[in-house]
Amino acid sequence: MYTKNEQLDQAENLVDLKEVEAAIVLKFDELNATHKQAQGEVKELGDAHTETVSKLEALNKDYSELYDRVQSIEQKGIKAIENSAGFDIGAEFAAFEGVESMRNGKQQSARMELKTAIINATGASQPLVAADRLGGIATTPNRVLRIRDILPSSSTSSNLVEFTRENAFTNNAGPTVAGSPEAFENVTKPESAITFTLASEPVVTLAHWIPASKQVMGDSADLAAHINNRLLYGLKLKEETQLLLGSAANGELNGLITLGTAFTVGSPTETNEVDIIRKAIKQAHVGEYFPDFCVLNPSDWYDIEIRKVGTSDDRYVVGNPRDMGVPVLWGLPIVVSNSITAGTFLIGSSMACAIKDREQSSIEISREDGTNFVKNMVTVLAEERLALIAFRTEAFITGSL
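Here our numbering is used: the first residue of the sequence shown is 5, the next is one more, and so on.
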C-alpha cells in the first residue's frame, strides 16, 4: 500500500510524463512536416533537373539538324559566299563558341555573322529568286479577216450545190404590125428566146491537224486553248484566201478572182490606180452590174491615199488625214486586206454570189489515229466544209493596178 505522499508523488510523475509525451508528439509532428517539405523541394529539384536535361537534348537535336543542313549545302556545292574558296562554313559554325554554350545548356540559340556577301546568279535558273512567269502565250498578230463578212451565206445539206444560170436571153419584144400600119389583127407576134445552163459547185473540205501529248493537253489549259484557237484561225485564214484566189482545182474553191471577168484596158490609158478602178466600175456598169465593194491590198490603198495633186500642190487627191471613216473610192466601200496580192484589185457585187456552208468550222480531238493510244498522244483536227457560188461571173472584175 502506498502512503498518501507516495500517491501524490506518483500522480505528479504521471502528469510530468503526459507533458513530456505531448512535447514529444509535437516535436515529432514538426519533424514530420519538415521532412515532407524537404521531400517536396527534392521533387522540385528533380523536375527542374529533368526539364533542363530535356531542353539540352532538344538543343542538341536542333544543333545536329542545323549542322546536317550546313553539311548538305556544302556537299551540293552551292556557292553562296563570294570569294569563299577553302572556307568550311559547317566547321566554322561547329567551332563557334555560341554553339558550345548552346550544347552545354547555357543558352538556347547561337548566331554567327559571316563577313562575305551572299549574291544570286543572273539569267535563267536562278537558285535564290523564283521567276515571275506571265500567263498566256505571246503570238504574232492575226490577220483581220473581212471577205466572208461582205458575202451572203447560208447552209446546205448536200455535197454539191446546183443552180440554174440563164445562158442567153434573146429579146424580140416589139410592135405587132404586118404589111401596113393599119394591120393590127391576125398577125404573128415577135418571138423571144431564153436558154439555160445547169451549173454546180462542189462542197470543199478545208482542214488541218496537229499532234499533241495527252498529258500536256490535260496539264496545261492555256496550251490546249491556244492550240484550238490557232487551228481555227488558220482554217479561217485559208478560207479567206480561197474565197479570193481558189483555183477550182485539186479540191480548192472557185475563188472570185479566178472566176471573175478580166479588166479591159482601153483608151485613153489610165494613169494611176484611181483611174483604173473607175474604169473597172464603168466596165461593170456597161454590163448592167453595179458593184458594191472593192478589195485592195494595204500597200495599194496607201499609195492611193497619199497621192497629191502635184509637185507644187500638197493637197491630197483622195486621202484626208482627219477622216477616220470607212475607206471609200468612187462611192465603193474599200475592203483593205492582206489576203489579196499587192498590185491586184477586185470589184464585185455581193448579190451575185453566196457562200454555202455544209459544216461550220469545228475542233475535234481523237486518240484513234495511228499509234496515239499506246503513245498517249492525241490528234487535234480543225475542219469545215463549204462551197462558193457565183451566179454571174460578169459581176466581178479583176485586174492589175
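Where a beta carbon is used, it is the ideal one built from N, C-alpha and C, also for glycine.
Values in this document were obtained by computation on a predicted structure and should not be read as measured data.
Query                                                                                                                 : Result
Residue 373 versus 397, 134 and 384, residue with shortest Cα-Cα distance                                             : 384
Through-space distance from residue 218 to residue 84, alpha-carbon basis                                             : At residue 84, the pLDDT of 47 sits below 50, so the modelled position is not reliable and the matter cannot be decided from this model.
Beta-bridge partners of residue 215, as assigned by DSSP                                                              : 383
DSSP state of residue 239 mapped onto helix, strand, coil                                                             : helix
C-beta contact flag for residue 159 and residue 379 at 8 angstroms                                                    : no
Between the CA atoms of residue 342 and residue 404 - distance to the nearest angstrom                                : 16 angstroms
C-beta contact flag for residue 247 and residue 260 at 8 angstroms                                                    : yes
Under 8 angstroms between C-beta atoms of residue 214 and residue 295                                                 : no
Buried/exposed call for residue 173, threshold 16 Cβ in 10 Å                                                          : exposed
Start and end residues, alpha helix (DSSP H) containing residue 290                                                   : 277 to 290
Neighbour-count burial assignment, residue 264, 16 or more Cβ in a 10 Å radius                                        : buried
Residue 263, enclosing alpha helix (DSSP H) - first and last residue                                                  : 260 to 263
Validate contact between the region 218 to 235 and the region 307 to 324 using beta carbons, cut 8 angstroms, 3 pairs : no
DSSP-derived helix/strand/coil call for residue 392                                                                   : strand
Enclosing beta strand (DSSP E) for residue 320 [first to last residue]                                                : 317 to 320
Residue from 189, 138, 146 and 398 whose Cα sits closest to the Cα of residue 233                                     : 146
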